[in-house]
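What follows is a short report on a single structure.
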Amino acid sequence: MDIDLSRYTKDELLLLHEKIRERIRLVMDMEALERIAALKIGDIVSFQKDGCDIHSVVTRTNQKTISIVTEDRCKWRLSPSFVKKVEKPSLKILKLKKELFPLMDDLLIIID
């Protein structure tokens, strides 16, 4: 895409810059909301810390972050862009999920 910016005044360029920043913020916020909507309480996710995958359970979804508890019971708040769902969780993280949400599996059976 080739845009000739030389025809714009300084004030027009500053206004354009501000509008672009607003649009980028809006797009980023919408992407974050989509990522949060894709996660639900009880989901098992992972994130990278010092090059290692840390598995955790989603305990809360907020407007811009998710709250999680790791296998060693540390609590974190992260942007959903830093996590991905775990396909094959370990027995340790499944046990933690069951401890955090003892009735969740029973409720899912009732709903289905």
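Be aware that the sequence shown starts at 1, since it is given in our numbering, and climbs by one per residue. Virtual Cβ for every residue (Gly too), placed ideally from N, Cα, C. Small disclaimer: the values here were computed from a predicted structure and weren't measured.
Between the options, which has its C-alpha nearest residue i's C-alpha?
i, options, result
"MET30", "TYR8, ASP53 and THR65", "THR65"
"PRO80", "GLY51, LEU5 and VAL58", "VAL58"
"GLN48", "LEU78, SER67 and LYS19", "LEU78"
"ALA38", "LEU94, LYS88, VAL83 and ASP2", "VAL83"
"ILE54", "LYS85, HIS17, LEU100 and ASP2", "LYS85"
"GLU71", "LYS92, LEU13, ASP11 and MET1", "LYS92"
"ILE36", "LEU103, GLU99, SER67 and GLU87", "SER67"
"GLN63", "GLY51, VAL69, GLU34 and LYS88", "GLU34"
"THR61", "GLU87, ALA32, LYS88 and ARG73", "ALA32"
Buried or exposed: which applies to residue i, given that a residue is buried once 16 or more other Cβ atoms fall within 10 Å of its Cβ?
i, result
"LEU96", "buried"
"SER90", "exposed"
"TYR8", "exposed"
"SER46", "buried"
"ILE20", "exposed"
"SER6", "exposed"
**Asked** Is the segment 42 to 60 in contact with the segment 18 to 30, if contact means three or more CB pairs nearer than 8 angstroms?
**Response** A contact is defined here as three or more CB-CB pairs under 8 angstroms, and the segment 42 to 60 fails this definition with respect to the segment 18 to 30.
**Message:** Could you tell me which whole alpha helix (DSSP H) segments of length 4 or greater appear in the segment 3 to 58?
**Reply:** 10 to 37, all fully within the segment 3 to 58.
**Item:** Uninterrupted beta strand (DSSP E) stretches inside the segment 64 to 97 (no shorter than 3 residues)
**Value:** Whole beta strand (DSSP E) segments, 3+ residues: 66 to 70 and 75 to 78.
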